[in-house]
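Chemist: Provided herewith is a single structure, encoded as structure tokens, for subsequent inquiry.
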Amino acid sequence: MSRCAPVSVVMSAFQEGDSVAETVGSVRSAAVRPREIVVVDDGSTDGGCDRDWPPSVRVLRQDHIGIAAARNLGARAARQPVIVFLDAHCTVDPGWLAPLVAVLERAPDALVGPAVRDSGDPRFVGCGAEIVDPLLTYRWRPAAGGGQEVGLVPGGCLAVVRDRFLAQGGFAPFTGFGLEDVELALRWWRLGRPLLGAPESGIVHRFRNVPPYPADHLAWLQNVLRTALLHLPGPYLRACVLACARFPSFPSAVATVLAEPWVPAHSRLLAAEARTVTAYVDRWAPDAFPAPA
Numbered sequence: 000m001s002r003c004a005p006v007s008v009v010m011s012a013f014q015e016g017d018s019v020a021e022t023v024g025s026v027r028s029a030a031v032r033p034r035e036i037v038v039v040d041d042g043s044t045d046g047g048c049d050r051d052w053p054p055s056v057r058v059l060r061q062d063h064i065g066i067a068a069a070r071n072l073g074a075r076a077a078r079q080p081v082i083v084f085l086d087a088h089c090t091v092d093p094g095w096l097a098p099l100v101a102v103l104e105r106a107p108d109a110l111v112g113p114a115v116r117d118s119g120d121p122r123f124v125g126c127g128a129e130i131v132d133p134l135l136t137y138r139w140r141p142a143a144g145g146g147q148e149v150g151l152v153p154g155g156c157l158a159v160v161r162d163r164f165l166a167q168g169g170f171a172p173f174t175g176f177g178l179e180d181v182e183l184a185l186r187w188w189r190l191g192r193p194l195l196g197a198p199e200s201g202i203v204h205r206f207r208n209v210p211p212y213p214a215d216h217l218a219w220l221q222n223v224l225r226t227a228l229l230h231l232p233g234p235y236l237r238a239c240v241l242a243c244a245r246f247p248s249f250p251s252a253v254a255t256v257l258a259e260p261w262v263p264a265h266s267r268l269l270a271a272e273a274r275t276v277t278a279y280v281d282r283w284a285p286d287a288f289p290a291p292a
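Final position of the sequence shown in numbering that gives the first Met the number 0 is 292; the numbers increase by one with none missing.
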């Protein structure tokens with residue numbers, strides 16, 4: 000019989016089909032189960048969330064906005080002190096949950112992620128990530144033994160203490176898919192909070208070259224620009240904007256983002272800053288931006 004941990008697993012789903020039930024089944028079959036699973040249906044039309052779920056699984060529904068809004072809805076509804084955000088196309092190892100909870104017990108202000116294997120190529124195991132280019136793309140780092148600091152906890156599986164997550168506003172109000180985990184990592188770093196990997200925890204993630212929904216490139220580009228305006232100082236911001244300007248949708252994206260109320264959020268982050276973005280880039284994105292002239 001599986002033991003239960005005081006954890007809410009929050010899964011957002013958009014056109015995930017049978018993968019939702021398969022991921023829920025994997026989580027419920029592990030050696031330690033969460034006390035609840037909150038599935039947030041982000042406006043799906045494929046019926047993947049329409050199941051006869053057990054009592055420990057709740058389904059919430061919203062119009063299609065995107066992964067950040069869906070995860071925030073699930074976090075607000077969660078009833079347990081620890082949240083684990085989990086993509087709806089994963090298989091968890093039997094002992095995946097306990098190491099994540101153990102790290103948060105030692106470091107309750109942390110963001111924590113597991114070791115992740117690619118279902119298509121399980122030879123590589125990544126744990127945490129680092130930023131590699133001005134568009135804030137990230138690359139997985141090889142898993143190392145014991146606890147490890149990381150530059151970014153990818154959102155496919157991310158554990159956090161619920162009250163601390165909500166007190167910082169949750170994920171930024173992004174639309175579509177992409178960058179919500181990058182923005183959260185930069186915010187956490189600037190607040191002086193830990194970004195940690197827990198390689199003793201393991202999951203298998205189905206990375207997809209083609210998602211089961213049309214790509215929304217405009218929303219992605221807007222999220223890149225939102226992250227840059229909130230966090231990047233002058234030279235890095237310039238490099239990011241120039242990289243974004245190569246895309247045909249840039250005029251629309253930048254006009255939308257500049258019209259949003261980003262200045263107050265930028266000022267609050269600057270006032271609360273305990274570590275600088277320059278220090279972050281030096282450590283976790285050393286090759287992402289051109290060297291200063």
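Don't be surprised by glycine CBs; every beta carbon is placed ideally from N, CA and C.
1. Is there contact between the stretch 150-158 and the stretch 107-118, where contact requires at least three CB pairs shorter than 8 Å?
2. Are there three or more Cβ pairs, one per stretch, closer than 8 Å when the stretch 21-35 is compared with the stretch 75-91?
3. With a CB to CB cut of under 6 Å and the five nearest residues on each side skipped, what residues in its chain are close to Gln-358?
4. With a threshold of 16 other CB atoms inside 10 Å of the CB of Leu-269, please say whether the residue is buried or exposed.
5. If you compare alpha carbons, which of Pro-133, Ala-244 and Ala-142 is closest to Asp-286?
6. By how many angstroms is the C-alpha of Gly-150 removed from the C-alpha of Pro-107?
7. Would DSSP call Pro-230 helix, strand or coil?
8. Between Gly-125 and Leu-231, what straight-line distance do the alpha-carbon atoms span, to the nearest angstrom?
9. Given a cut-off of 8 Å on the beta-carbon distance, is the pair Glu-179 and Ala-67 in contact?
10. Restricting to Cα atoms, I'd like to know which of Pro-260, Trp-219, Thr-44 and Ala-87 is closest to Phe-246.
11. When the Cα of Asp-62 is compared with those of Gly-177, Ser-266 and Asp-40, which residue comes out closest?
12. What three-state label does DSSP hand Glu-104 in the structure shown?
13. What does the alpha-carbon distance come out to for the pair Met-0 and Ala-264?
14. Using only the alpha-carbon positions, how far apart do Glu-259 and Arg-225 sit?
15. Would you mind listing the alpha helix (DSSP H) stretches within the stretch 32-120 that are 4+ residues and don't spill past its ends, in chain order?
16. Relative to the alpha-carbon of Asp-92, which residue among Val-203, Pro-193 and Trp-261 has its alpha-carbon at the smallest distance?
17. Tell me the start and end of each unbroken alpha helix (DSSP H) in the stretch 260-288 that is at least 4 residues and wholly inside, in chain order.
18. In chain order, what residues of the same chain have a beta carbon less than 6 Å from the beta carbon of Tyr-235, not counting five sequence neighbours either side?
19. Report all residues from its chain with a CB closer than 8 Å to the CB of Leu-72; omit the five preceding and five following residues, and keep chain order.
20. Should Arg-189 be labelled buried (16 or more other beta-carbon atoms within 10 Å of its own) or exposed?
21. By the DSSP assignment, the alpha helix (DSSP H) with Ser-18 in it spans what residues?
22. List the DSSP bridge partners of Arg-2.
23. CB-CB under 8 Å to Val-19, same chain, minus the five flanking residues each way: which ones, in chain order?
24. Quick one: what does DSSP say Leu-241 is sitting in, helix, strand or coil?
25. Which whole-angstrom value is the C-beta distance of Gly-169 and Ala-254, which I expect to be below 8 Å?
26. Helix, strand or coil for Arg-192, going by three-state DSSP, please let me know.
Modeler: In short:
1. yes
2. yes
3. Residue 358 cannot be examined here, being either before or after the span of the chain that is shown, 0 to 292.
4. Burial state of Leu-269 is exposed, judged by a 10 Å Cβ sphere holding fewer than 16 other Cβ atoms.
5. Pro-133
6. 18 Å
7. The question names Pro, but residue 230 in the sequence shown is His. In this structure, His-230 counts as helix in the three-state DSSP scheme.
8. Their Cα atoms are separated by approximately 26 Å.
9. yes
10. Trp-219
11. Asp-40
12. helix
13. In this prediction, Met-0 scores a pLDDT of 38, lower than 50, which makes its location untrustworthy; the coordinate-derived value is nonetheless stated afterwards. Straight-line Cα distance between these residues: approximately 47 Å.
14. 9 Å
15. 66-76 and 96-105
16. Val-203
17. 261-271 and 276-283
18. Phe-288
19. Non-local C-beta neighbours of Leu-72 in its own chain, meaning closer than 8 Å and more than five positions away in sequence, comprise Val-39, Leu-59 and Gln-61, ordered along the chain.
20. buried
21. Looking at the DSSP string, the run of the alpha helix (DSSP H) that includes Ser-18 is 18-28.
22. Val-31
23. Met-10, Ala-12, Val-38, Gly-47, Cys-48, Arg-50 and Ala-87
24. helix
25. So it is not a contact: roughly 26 Å between Cβ atoms.
26. coil
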